[in-house]
Structures are given as C-alpha cells and as structure tokens.
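Numbering (the UniProt record's numbering), first residue to last: 1 to 321. Every residue gets a Cβ at the ideal spot worked out from N, C-alpha and C, and that includes glycine. Report on one structure; see the data block that follows.
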Amino acid sequence: MTQEQTPYSVSNAKYPEGAQVRGQELRRRKVISYGKVTYRQWFDTHWPRQLTMDILTPDEVGPHPALIFFTGGSFVRSHTGNFQQLRTAFAEAGFVVASAEYSTIPHPFPAQIEDGKAAVAFLRTHATDFQIDPERIAVLGDSAGGYLVQMLTTTNGTAEFLPAGTSAAQAWIGAAVSLYGVSYFMDPAASDADVQKAALSDSELAAIGLALVRGVESPLPYAGLAEAGHRAAPILHVHADQPPLFLLHGGKDDLVSVRQSTDMYQACRRVGAAADLRIIPEAGHGDAYWYQDEIIQEIIAWTAERLGYDPSFRPGVPVIS
C-alpha cells in the first residue's frame, strides 16, 4: 500500500467531504461550578458545625450581580442541589448564583435567619474572589426558603437577627424573590390560648411554626409562644424602607395557602414598601409550573431590573481560557 493509499493519510482539504459546516452565534454564557464552599462555621454545644454553598459563576470577567438561593424543605432539610434549572438560568444571565444551606429543625429560630444574613455577608466579603458587584446582591427562596427570604427582606438594614461579628451593612440585600413562601405561622393577632388551640388541631403550618420557635422541645407550656411566633413572622416586620420584594404563588397550592402571599403583599402596600405579586392560578406547591422558562425568565427580568442590571448576553473576556 502506497502512502497515498494509507488510511492514516490526511487530506489537503480543510474539512472532510460530507462534513456539515455552519456557523454558530454566541447566545448563552458558559457557566463554572464551585461545590461545597464553606460560608459559616462555629461550635454548637462543643461540636463544630459548618454550612456550605454551591456556587455557579459566568465564565466572564466581572463584576457580576449575585443571587443567593435558599431552597425549601419543610424547615427540616436544605439541599443545595434543588431548583437547578432556575439557578443555571440566572448564571447564564450573568449572575453569580450561590445555593446556600441553612439550619433546620431541631435548630430553633432565629438560627435560619442568622444563617441567611451570614451567607449574604460571606459573598460581600469575598466579592473580589467571585467577581461580584457587592452593591447588587439579591436573594431568592421557595417555600421554607421563601420564608427565610421574606425575613431577610423585612429585617434588612436593621440589627435584628445578625450573627456575631456581622454588621447590617454586610448583610444588606438589594432585592428579594419569594416563591410560595410562608409569611406567618399563625394569625398575627393570635394569643397564647389561640396557639394552644392551633397546636391541638391538625394544622401542619402551626405545628411547623411551634417546632421552629421551640426546636425539639415540647410545645408546653404555651405561655410566651404567641409572642415568639409573632417575632418569627415576616408579615409583622414589614417596613417602608425594605428592599423590593417579588411574591409568587400558585392558586392551587394546598400546602402553603396563596393567602400567605396576598396578605404579605397587602401588608407591604399599606406601609408603602415596594412589592409585586404574581399568582399562577393553575400552579400548586413546587410543581412543574415553577420550572417553565416563561416563569424563570420573568423572575430573572424582575431581579435584574431591581438591581439595575442588563442581563443581555455580550460575549466577554473568559475567566478560564
């Protein structure tokens, strides 16, 4: 066999015959993933504890706006891998996206809120490392995570629920999105006697609220629990200067009533706080409706606008070439 006949010979043509050659316009960003970044660690009853976040970043030189996502989980779990479609879409829109775990039951309130503020402070402190614009940090959560986000919103800029060594300025957020989140666990006007009745009923939300404010202890005695429950209710912390809040809820949610978001929206409007409400009549609690592109893009557009950011794709300088 001559050299011209060998199967290893290379054609002088730029591409082999039959190859499909067509150009491709750049329309989406490349995303880089960093897993299990520790953002908080401390000793809890003589045992070390740490909380981590998974981070997605656009492969472009920043600074970028940031979004911290807090997942739902009935206040008993916080898996950072949830809502992957939404988190990836935000990263493709140019956001640095951190999915942060947080304390759950049996750790009582306000541990969850302190964790949320610590997560915000961590990203602000490490803004240069992750190429974040520290003036453009938003938070988003669904269900229990939506509750956490509402608490971060309504206590933003105050000294309430700050972890040790963290200032209100470090924990400051510019916008917040709550997906079918909890605004209160019991009637905002409830007394201790009302709490006792709720505890003896089959109200799952009331039971979660009691467990949250008391940890794993028995809910008895009831004295003082109404006050504790009110302190844990975002709707009772609403004030005019809080950051913009986007409330989204499904009309067929049979776990967290849509009234939670409508009441929160009306409370915000009464004090002049910036808030928007979006109801999807057919949607339930965390079902497939929340994973549709139209909903995700609406959330991205709202967040970008409130942070003063243009998410349009413009090919930039890659971080890793």
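Assign residue i to one of two classes, buried (16 or more other C-beta atoms within 10 Å of its C-beta) or exposed (fewer than that).
i, result
"E17", "exposed"
"D241", "exposed"
"Y15", "exposed"
"R306", "buried"
"P243", "buried"
"A273", "buried"
"S201", "Annotation note: pLDDT 49 at S201 (below 50); position unreliable, no value reported."
"L123", "buried"
"R136", "buried"
"G23", "exposed"
"S33", "exposed"
"V216", "Any reading at V216 needs caution, since the residue's pLDDT is 49, under 50, leaving its predicted position unreliable; the model's value is listed next. By the neighbour-count rule (16 or more Cβ atoms within 10 Å), V216 is not buried but exposed."
Please name the residue in the options whose C-alpha comes closest to that of residue i.
i, options, result
"R259", "E25, E305, V238, L277", "L277"
"R29", "R22, H64, T153", "H64"
"G35", "Q24, E25, M53", "M53"
"M186", "V256, T303, F70", "V256"
"F75", "G145, T303, A169", "G145"
"N156", "T125, A118, Y180", "A118"
"R270", "L245, V238, P244, W290", "V238"
"I295", "A304, I280, Y309, G308", "I280"
"Y289", "L248, G165, T71", "L248"
"R49", "I55, D59, T38", "T38"
"T71", "G165, Q41, S261, Y147", "Y147"
"L140", "E298, F69, D254, P106", "F69"
"G174", "G165, V149, Y180, G181", "V149"
"E160", "Y309, G116, R136", "G116"
"S178", "Q297, A275, Q41, A304", "A275"
"D287", "D254, E298, W302, E227", "D254"
"G229", "M151, D129, W302", "M151"
"residue 330", "E282, A233, E298, E227", "The question about residue 330 has no answer here: the residues shown for the chain are numbered 1 through 321."
"D129", "D293, Q297, I55", "I55"
"H79", "R231, L51, P106", "L51"
May I ask you to report which of helix, strand or coil DSSP gives residue i?
i, result
"residue 397", "No statement about residue 397 is possible, as the shown extent of the chain runs from 1 to 321 and does not include it."
"Y34", "strand"
"Q170", "coil"
"I132", "strand"
"T71", "coil"
"D310", "coil"
"V213", "helix"
"G181", "coil"
"M186", "coil"
"D142", "strand"
"T104", "coil"
"F122", "helix"
"R77", "coil"
"L274", "Sequence check: residue 274 is Ala here, not Leu. Here A274 sits in coil by DSSP."
"S261", "helix"
"V96", "strand"
"R269", "helix"
"R49", "strand"
"Y147", "helix"
"Q3", "Bear in mind that the predicted position of Q3 carries a pLDDT of just 49, short of 50, making it too unreliable to give a figure here."
"D254", "coil"
"R87", "helix"
"L236", "helix"
"A66", "strand"
Leaving out five residues before and five after residue i in sequence, what residues of the same chain have Cβ atoms less than 7 Å from its Cβ?
i, result
"I300", "A89, F90, A93, P311"
"Q20", "none"
"T158", "A168"
Checking 8 Å against the spacing of the C-beta atoms, do residue i and residue j come in under that value?
i, j, result
"residue 329", "R77", "There is simply no residue 329 to check, as the chain begins at 1 and stops at 321 in what is shown."
"R87", "V96", "no"
"P163", "E101", "no"
"P108", "L236", "no"
"V120", "A176", "no"
"D142", "F83", "yes"
"L67", "A127", "no"
"T125", "L245", "no"
"Y180", "G250", "yes"
"Q85", "Y291", "yes"
"F313", "R27", "yes"
Excluding sequence positions up to five away, which residues of its chain have a Cβ less than 6 Å from the Cβ of residue i?
i, result
"K252", "G284"
"A111", "S103"
"Q3", "Per-residue confidence for Q3 stands at a pLDDT of 49, beneath the threshold of 50, marking its modelled position as unreliable; no derived number is given."
"I208", "F75"
"A304", "P311"
"Y265", "L247, A275, L277"
Please confirm whether any heavy atom of the ligand HEM lies closer than 7 Å to the CB of residue i.
i, result
"L179", "Among the ligands in the structure shown, none appear at all, so the ligand HEM cannot be discussed."
Closer than 8 Å by C-beta to residue i: which residues in its own chain qualify, once you throw out the five before and the five after it? Chain order, please.
i, result
"D263", "S183, Y184, I235"
Does any residue of chain C have a CB that is nearer than 8 Å to the CB of residue i?
i, result
"T52", "Among the chains in the structure shown there is no chain C, since it carries only a single protein chain."
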